[in-house]
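Here's the structure we're looking at; comments come further down.
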Amino acid sequence: MAKLLYSATASLDGYIAGPGGDMSWLTQHLAIDNPTADRVLANVGAILAGNRTFGGDDPNRGTDSEGAFGGRYHGPVVVLTHQPPAQPLAGVTFAGDLHSAVEQAKEAAGDKYVNVLGADVAKQCLRAGLLDEILIFFAPVLLGDGVRMFDDPGGDQVRLAPIPGETAHWYRVVA
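Here the sequence shown stands for residues 92 to 266, numbered as in the numbering used here.
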């Protein structure tokens with residue numbers, strides 16, 4: 092059965108996007124060879140994204156590398172939104188509630204990962220007890236402002252456990 096994995100690249104001060112959702116800061120850090128990211132990509136069966144992330148800034152917009160995983164992901168995408176577009180998009184399913192979106196993404200992923208993209212969707216999955224793992228890549232930059240990796244004022248503490256044999260920043264959600 093598919094697991095939900097939230098993976099993101101963050102600045103050292105904990106931002107996954109700059110002010111206004113700007114992702115241009117990330118471009119220079121994506122060119123770095125990353126065997127862990129390659130391994131994750133090979134094991135992603137579907138993407139679950141929030142509407143802001145799906146329609147937001149792409150550090151590779153207008154290039155052959157536009158899209159998830161530098162344009163290398165070509166599979167099903169489920170977008171959690173209350174405002175689906177009037178015209179359907181090939182390979183993209185729109186869902187209006189979290190549980191339906193997760194169910195559809197898991198079904199599409201089969202026995203691979205559902206890769207969660209977007210801080211808000213990751214927070215919703217975590218709050219609902221649906222998130223299984225978290226993988227964070229850190230880029231050597233301080234953004235100072237923007238969209239935080241996790242921002243949940245008043246939220247509960249969540250315990251994480253390192254995944255044996257993986258990077259120092261790949262964790263299993265414990266509670």
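All C-beta atoms in this analysis are idealised placements derived from N, C-alpha and C, irrespective of residue type, glycine included. Keep in mind that this is a model prediction, so the values were computed, not measured.
Local conformation of residue i per DSSP, three classes
i: Thr172; result: coil
i: Thr184; result: strand
i: Val264; result: strand
i: Leu222; result: coil
i: Ala268; result: Residue coverage of the chain in this structure runs from 92 to 266, which leaves residue 268 outside it and unanswerable.
i: Val232; result: coil
i: Asn142; result: helix
i: Pro253; result: strand
i: Ala213; result: helix
i: Ala128; result: helix
i: Ala192; result: helix
i: Ala200; result: helix
i: Ala177; result: coil
Assumed close pair residue i, residue j - CB separation to whole angstroms, cut-off 8 Å
i: Asn125; j: Phe228; result: 7 Å
i: Leu139; j: Ala196; result: 4 Å
i: Gly246; j: Gly109; result: So it is not a contact: roughly 23 Å between Cβ atoms.
i: Asn142; j: Gln174; result: 7 Å
i: Gly230; j: Thr100; result: What sits at residue 230 in the sequence shown is Ala, not Gly. Yes, Ala230 and Thr100 are in contact; Cβ-Cβ is about 6 Å, under 8 Å.
i: Leu222; j: Tyr97; result: 6 Å
Residues near residue i in its chain [Cβ-Cβ closer than 8 Å; skip 5 each side]
i: Leu233; result: Ser102, Leu103 and Asp104
i: Thr127; result: Leu226, Phe228, Glu257, Thr258 and Trp261
i: Ala186; result: Val169, Val170, Leu171, Thr172, Ala192 and Gln195
i: Gly136; result: Ala93, Gly166, Pro167, Ala199, Ala200, Gly201, Asp202, Lys203, Tyr204 and Val205
i: Ile254; result: Glu224, Trp261, Tyr262 and Arg263
i: Asp242; result: Ala210 and Lys214
Contacts around residue i, its chain only, beta-carbon distance under 6 Å, and the 5 residues preceding and following it disregarded
i: Gln248; result: none
i: Thr184; result: Val169 and Gln195
Contacting residues, own chain, Cβ-Cβ under 7 Å from residue i (five flanking each side not counted)
i: Ala252; result: Tyr262, Arg263 and Val265
i: Arg250; result: Val265 and Ala266
i: Arg239; result: Gly105, Tyr106 and Ala210
i: Gly182; result: Pro167 and Val168
i: Ala72; result: With the chain covering 92 to 266 only, the question about residue 72 has no answer from this structure.
i: Gly235; result: Asp104
Within-8 Å CB hit, residue i to chain B
i: Arg218; result: Any reference to chain B falls outside this structure, which holds one protein chain only.
Counting beta carbon pairs with one atom in the stretch 113-133 and one in the stretch 213-225, are three or more of them shorter than 8 Å? no
Sequence ranges, beta strand (DSSP E) only - wholly within the stretch 94-124, length at least 3: 94-102 and 106-108
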